[in-house]
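> Sharing a structure with you now.
Okay, structure coming up:
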């Protein structure tokens, strides 16, 4: 289903990448149990980070490791900004659909960089590589992106699905009609494979709160 290039393995020998497939998802409608869990997570985040600044949170694991990677490209870690928005500013978790919300919930809770795709819009097999700085794709929102040299990116048979710096593409995004989902999580140095696996398992748990009939088909790590 996925292979990693020798360049990726050589450039990031202590880095992992996780992938999970869930099928049979009912991705619509209100579910009180799921909404209650979301509200509880929001409160947990606010309690965990009460009295802190964004800078202080950014020095905690795993945010520090991701910030270090992003800073090499002159960028800041977007998940840290999202945590700041929910935990420090009191905003709710974004809810475009239950499936996307489940991913956001785990991402905020664990601080790990995650992307979700509609598997019916993805052409398997996948490949993980390091950018030469010549690749381009259309990120979410339809913006044209030229990859930065040295960034990690994931491709299917049609083109780039996501990159660390610019996020997922526009054409494979999950919607309310998505029934088969592909979740990926990018590790960076000092973030373990076990952390990535536990994170994906938590997404699976959140999905089952609103879609208990969903079935996990794949969950594995590239190390």
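Numbering (the working numbering), first residue to last: 630 to 852.
All residues carry an ideal CB built from backbone N, CA and C; glycine is no exception.
Keep in mind that this is a model prediction, so the values were computed, not measured.
(1) Which word fits residue 640, buried or exposed, when buried means at least 16 other C-beta atoms lie within 10 angstroms of its C-beta?
(2) Per DSSP, which one or two residues make a beta bridge with residue 797?
(3) Give every residue of the same chain whose Cβ lies closer than 6 Å to the Cβ of residue 791, excluding the five residues on either side of it in the sequence, and list them in chain order.
(4) Quick one: Cα of residue 840 to Cα of residue 699, how far?
(5) Taking only the alpha-carbon atoms, compute the straight-line gap between residue 789 and residue 657 and give it to the nearest angstrom.
(6) Bridge partners of residue 768, per DSSP?
(7) Could you give the distance in angstroms between the alpha-carbon of residue 842 and the alpha-carbon of residue 762?
(8) Quick check on residue 732: buried or exposed, where buried means 16 or more other Cβ atoms within 10 Å of its Cβ?
(9) Can at least three beta-carbon pairs, one atom from the stretch 822 to 836 and one from the stretch 765 to 777, be found at a separation below 8 Å?
(10) Quick one, which of 774, 805 and 845 has its alpha-carbon nearest residue 862's?
(11) Reducing DSSP to helix, strand and coil, say where residue 689 ends up.
The relevant details are as follows:
(1) exposed
(2) 791
(3) 744, 783 and 797
(4) 35 Å
(5) 28 Å
(6) 772 and 798
(7) 42 Å
(8) buried
(9) no
(10) For residue 862 there is no data in the structure shown, the boundaries of the chain being 630 and 852.
(11) coil
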